[in-house]
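Visitor:
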Amino acid sequence: MKKKDSGRKYSGLLSCLMILFLAAAVFAGCGSFQGVVPESGVSDGMPDEENSLIVVGFSQLGSESVWRTANSESIQGALTRENGFFLEFNNARQKQENQIKAIRGFISQRVDYIMFSPVTESGWDTVLREARDAGIPVILVDRKASLEDDSLYTAWVGSDMISEGEKAGVWLEEYLIKEGREEEEINIVVLQGTVGSSAQLERTKGFHNISKEHSNWHILKQEPADFTTAKGKEVMEMFLHNYKDIDVVISQNDDMTFGALQAMEEEGITTGVDGDVILISFDAVHEALELVSQGVINVDIECNPEQGEYILEIIRKLENNESVDKENVVEEKVFTQENVDRYLDTRTY
Ligand code: AHR
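If you use this note's numbering, the sequence shown corresponds to residues 101 to 449, in order.
This is the structure we're talking about:
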């Protein structure tokens, strides 16, 4: 932040008082006066080591899921003071208007980098143009933004969510063959994530890429449940009320799966390997992987929240004027009862 030139506004009296105050401070031996304000946006009067920190403003979209908490912790664990960063973390509580406000705040603070995880895909062009006009590089995290001009962001780190949806479809294809049910009429309901988010749009699209090849797969209903346990339970209750013959439940994250399981348990419906209903989930957080191990969830398609190290590397490269990849896809697996026990002990979230 640059200091404003306000000298002419002072009256003669005020100037005298200032001189007296400074002289008194020097005589008292406590006159540590730091007049230089760095361009970087670190606030006035900080020691040099503070001024050398890279200032990053991060608008996280919310704290709706176990996954989201792990994602925030990964980023906070990477952009630390020890690594040379000052991270200004803002929780937007699922509201795009809060994210836009936070981004404008980062611009006016002249941070070195802006990062945000877009709650929904559209509506970012104006504020990102403002960031570009201010010369601040933008890094998208986790979800994507649909922009008129891709040069409005420098890099994106996240998951290939179309591929995640396709993995769910391919797993179901193979499972039905293994069970000798590939010719059966299969009724499917889908608990979707936040409407308009890339996680919801792309997982839906990916699964559709596979389901469209199977005329005997019937998607009875796709309904948003906001990626939360409470809403997952509510929507599952509605599905159970409206549809008496459900073969497959697809839940676009583990938190909604936990809610859906509560609703099914209350109705005496069992799920998983030996259950009434095939259950497909996304994220692969520890609690869900335990349910995979117990055979309650058939398959969990991983969405990897540990993106902090990827971001750290990107910013370091940018600081060294090195080029960076525009799209940075994190590594992800598929967990079933066959392989999950190998990973349970090391899963920290
Ligand atoms: O964008 C990633 C998704 O958002 C995760 O699947 C979900 O748990 C989170 O809320």
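No residue lacks a Cβ here, since even glycine has one placed at the ideal position from N, Cα and C.
For W317, is the beta carbon positioned less than 7 angstroms from some heavy atom of the ligand AHR?
Guide: In the sequence shown, counting from the first residue as 1, residue 317 sits at position 217. No - the ligand AHR has no heavy atom lying nearer than 7 angstroms to the Cβ of W317.
Visitor: S341 lies in the alpha helix (DSSP H); which residues open and close that run?
Guide: For the purposes of this step, residue 341 is taken as the residue at position 241 of the sequence shown. It is worth fixing the name first, because residue 341 is His in this sequence and not Ser. Note, H341: alpha helix (DSSP H), T329 to N342.
Visitor: If you follow the beta strand (DSSP E) that T436 is part of, which residue opens it and which one closes it?
Guide: Numbered from its first residue, the sequence shown carries residue 436 at position 336. It spans V434 to T436 - the beta strand (DSSP E) in which T436 sits, taken as one unbroken run.
Visitor: At which residues does the alpha helix (DSSP H) containing G395 begin and terminate?
Guide: Here residue 395 corresponds to residue number 295 of the sequence shown, with the count starting at 1. Segment: none, G395 is in no alpha helix (DSSP H) and carries neither H nor E.
Visitor: Starting from the C-beta of L161, find all residues in its chain whose C-beta is less than 6 angstroms away, skip the five residues before and the five after it, and write them out in chain order.
Guide: On the sequence shown, residue 161 is found 61 positions in, with the first residue counted as 1. The residues are A192, S217 and V219.
Visitor: Threshold first: 4 residues or longer. Then list the alpha helix (DSSP H) segments lying entirely within the stretch 346-419, N to C.
Guide: 354-366, 386-393 and 408-419
Visitor: Around the C-beta of A255, are 16 or more other C-beta atoms found within 10 angstroms, so that it is buried, or is it exposed?
Guide: Translated into the one-based positions of the sequence shown, residue 255 becomes position 155. Result: buried.
Visitor: Once the 5 residues before and after F133 are set aside, which same chain residues still bring their CB inside 6 angstroms of it?
Guide: In the sequence shown, counting from the first residue as 1, residue 133 sits at position 33. Because the pLDDT at F133 is just 26, under 50, the model does not fix this residue reliably, and the value given afterwards should be weighed accordingly. For F133, where only same-chain residues beyond five positions count, there are no Cβ hits under 6 angstroms.
Visitor: Using 10 angstroms around the beta-carbon of E438, count the other beta-carbons present and answer buried if the total reaches 16, otherwise exposed.
Guide: Reading the sequence shown from its first residue, position 338 is the one you call residue 438. Classification for E438: exposed.
Visitor: Using the rule of at least 16 other Cβ atoms within 10 Å of the residue's Cβ for burial, across every protein chain shown, is G359 buried or exposed?
Guide: Position 259 of the sequence shown, counted from the start, is the residue given in the question as residue 359. Classification for G359: buried.
Visitor: Within its chain, find whatever has a CB closer than 8 angstroms to the CB of E283; leave out the 5 residues flanking it on each side and keep chain order.
Guide: One-based indexing of the sequence shown puts residue 283 at position 183. Excluding residues within five positions, the ones whose Cβ falls inside 8 angstroms are N316.
Visitor: At a threshold of 7 angstroms, does A192 count as lining the ligand AHR (C-beta to nearest heavy atom)?
Guide: Position 92 of the sequence shown, counted from the start, is the residue given in the question as residue 192. Because no heavy atom of the ligand AHR lies under 7 angstroms away, the Cβ of A192 does not count as near it: no.
Visitor: Which stretch, first to last residue, makes up the beta strand (DSSP E) that contains G269?
Guide: To locate residue 269, count along the sequence shown from 1; it is residue 169. Segment M261 to K278 is the alpha helix (DSSP H) holding G269; no beta strand (DSSP E) there.
Visitor: Where does A245 fall in DSSP's three states?
Guide: Reading the sequence shown from its first residue, position 145 is the one you call residue 245. DSSP places A245 in coil when its eight states are reduced to three.
Visitor: Alpha carbon to alpha carbon, how far is K433 from I401?
Guide: As a first step, residue 433 must be located in the sequence shown, where it is residue number 333. As a first step, residue 401 must be located in the sequence shown, where it is residue number 301. Answer to the nearest angstrom: the Cα atoms are 7 angstroms apart.
Visitor: Taking Q199 as part of the alpha helix (DSSP H), name the residues at either end of that continuous run.
Guide: Numbered from 1 along the sequence shown, position 99 holds the residue referred to as residue 199. Per DSSP, the continuous alpha helix (DSSP H) segment holding Q199 begins and ends at Q196 to Q209.
Visitor: Whose C-beta lies closer than 6 angstroms to the C-beta of L320 among residues of the same chain, with five residues either side of it excluded?
Guide: By 1-based counting over the sequence shown, the position of residue 320 is 220. So the list reads N287, V289 and Y343, once near-sequence residues are dropped.
Visitor: Closer than 7 angstroms to a non-hydrogen atom of the ligand AHR - does that hold for the CB of A330?
Guide: Counted from its first residue, the sequence shown places residue 330 at position 230. Not so, every heavy atom of the ligand AHR lies at least 7 angstroms from the Cβ.
Visitor: Tell me, to the nearest whole angstrom, how far the beta carbon of N190 is from that of S163; I am working on the premise that it is less than 8 angstroms.
Guide: Sequence index remark: in the sequence shown, residue 190 carries index 90 (1-based). Sequence index remark: in the sequence shown, residue 163 carries index 63 (1-based). The pair is not a contact, with the Cβ atoms about 12 angstroms apart (cut-off 8 angstroms).
Visitor: For the ligand AHR, is there any heavy atom lying closer than 7 angstroms to the beta carbon of A299?
Guide: The count along the sequence shown starts at 1 and reaches residue 299 at position 199. Yes - the ligand AHR has a heavy atom lying nearer than 7 angstroms to the Cβ of A299.
Visitor: Going residue by residue through the stretch 146-195, where are the continuous alpha helix (DSSP H) segments of at least 4 residues, counting only ones entirely within it?
Guide: 148-151 and 166-178
Visitor: For E221 versus G296, is the C-beta spacing smaller than 8 angstroms?
Guide: Within the sequence shown, numbered from 1, the residue matching residue 221 stands at position 121. Within the sequence shown, numbered from 1, the residue matching residue 296 stands at position 196. For E221 and G296, yes; Cβs fall inside 8 angstroms.
Visitor: Would you call the stretch 361-373 in contact with the stretch 274-282, where contact means no fewer than 3 C-beta pairs closer than 8 angstroms?
Guide: no
Visitor: What is the rounded straight-line gap between the Cα of D429 and the Cα of I411?
Guide: Here residue 429 is taken as the residue at index 329 of the sequence shown, counted from 1. Here residue 411 is taken as the residue at index 311 of the sequence shown, counted from 1. The sequence shown places Val at residue 429, not Asp. Spanning the two alpha carbons is a distance of roughly 11 angstroms.
Visitor: Which term fits R442, buried or exposed, when burial requires 16 or more other beta carbons within 10 angstroms of its beta carbon?
Guide: Indexing the sequence shown from 1 puts residue 442 at position 342. Here R442 is exposed, its C-beta having fewer than 16 other C-beta atoms within 10 Å.
Visitor: Give the DSSP-derived three-state secondary structure of N309 in the structure shown.
Guide: The residue you call residue 309 lines up with position 209 of the sequence shown. Here N309 sits in helix by DSSP.
Visitor: List the whole-angstrom C-beta distance separating N57 from G293, where the pair is believed to meet the contact cut-off of C-beta under 8 angstroms.
Guide: No information on residue 57 is available, as it lies outside the stretch 101 to 449 that the chain covers here.
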